[in-house]
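In order, the protein sequence lines correspond to chains A and B. Just so you know, we're using this note's numbering here: the first sequence kicks off at 152 and counts up by one. Just so you know, we're using this note's numbering here: the second sequence kicks off at 13 and counts up by one. Cβ coordinates follow ideal geometry from the N, Cα and C atoms, glycine included. A short write-up of the structure that comes next.
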Amino acid sequence: MKSKFLFPYWCRYLGWGLVMLHVPLSMFGRSHGMVNVLDKPSTGLFTGEHLFFIYTSLVMVSGLFLAAFSREKVEDEQIWQVRLDSLRWAIFVNYVVLIISLVFIEDVGHMLDLNLYVPLVFFIIRFRWVIYRLNRSLSREG
Amino acid sequence: MKNNIRVERAIKNITQGELAEQVGVSRQTINTIESNKYVPSTILALKIARVFGKALEEVFMLEDGD
Chain A
152 MKSKFLFPYW
162 CRYLGWGLVM
172 LHVPLSMFGR
182 SHGMVNVLDK
192 PSTGLFTGEH
202 LFFIYTSLVM
212 VSGLFLAAFS
222 REKVEDEQIW
232 QVRLDSLRWA
242 IFVNYVVLII
252 SLVFIEDVGH
262 MLDLNLYVPL
272 VFFIIRFRWV
282 IYRLNRSLSR
292 EG
Chain B
13 MKNNIRVERA
23 IKNITQGELA
33 EQVGVSRQTI
43 NTIESNKYVP
53 STILALKIAR
63 VFGKALEEVF
73 MLEDGD
């Protein structure tokens, strides 16, 4: 089975690396007085804070993106199906969360944050969980 | 859908891993097909039947509920 639109296997490690990198980066930024642009009134485009927001978010999102959409070691039709299934779940959960927050949360700015991360994070968790379960059933049978 | 891959494997004396390698999938996939948790695509089913040198219906068969 040909899997189009997937990054090579090693991109997964690059992705997790970027996600890890996000933590010290944003801590460093915050300790130097940078605030998330969503937490304060608009300061304009491409100001220091806006750029800080762009690069921390970019590092995090592209890390998650690479980790989510990189090839497995053995890519076959079952993996493909698990991936599609997890994507469907991720979109479903994303919209449930979005609709709930639309009703109950006044702060619309943070919904961007939510929408940026929820589908990817949920997809990764669900996908990895199913693969973990497949591997476990395999090792149980020996 | 049921299958008798396990029996056919025993006859041919090959492991799940060897069958997986011959049809180009992971061992997990063969394992889940054997335990009826995953229904393979027609292409994969045909490939598996070809490894055993049998007709498709001799390896995979419909159940009552299908």
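DSSP-derived helix/strand/coil call for residue 59(B)
helix
Between the CA atoms of residue 52(B) and residue 41(B) - distance to the nearest angstrom
9 Å
For residue 43(B) and chain A, any beta-carbon pair shorter than 9 Å?
yes
Can you name the residues that DSSP bridges to residue 221(A)?
158(A)
Let me see if you follow: with CB-CB separation under 9 Å, is residue 286(A) close to chain B or not?
yes
Please report the straight-line C-alpha distance between residue 163(A) and residue 269(A), rounded to a whole angstrom.
18 Å
Return the chain-ordered list of same chain residues with a C-beta closer than 8 Å to the C-beta of residue 173(A), the five sequence neighbours on each side being excluded.
207, 210, 211 and 214
Determine the contact status of residue 245(A) and residue 273(A), defining contact as a CB-CB distance below 9 Å.
yes
So which of 74(B), 78(B) and 66(B) has the shortest CA-CA distance to residue 21(B)?
66(B)
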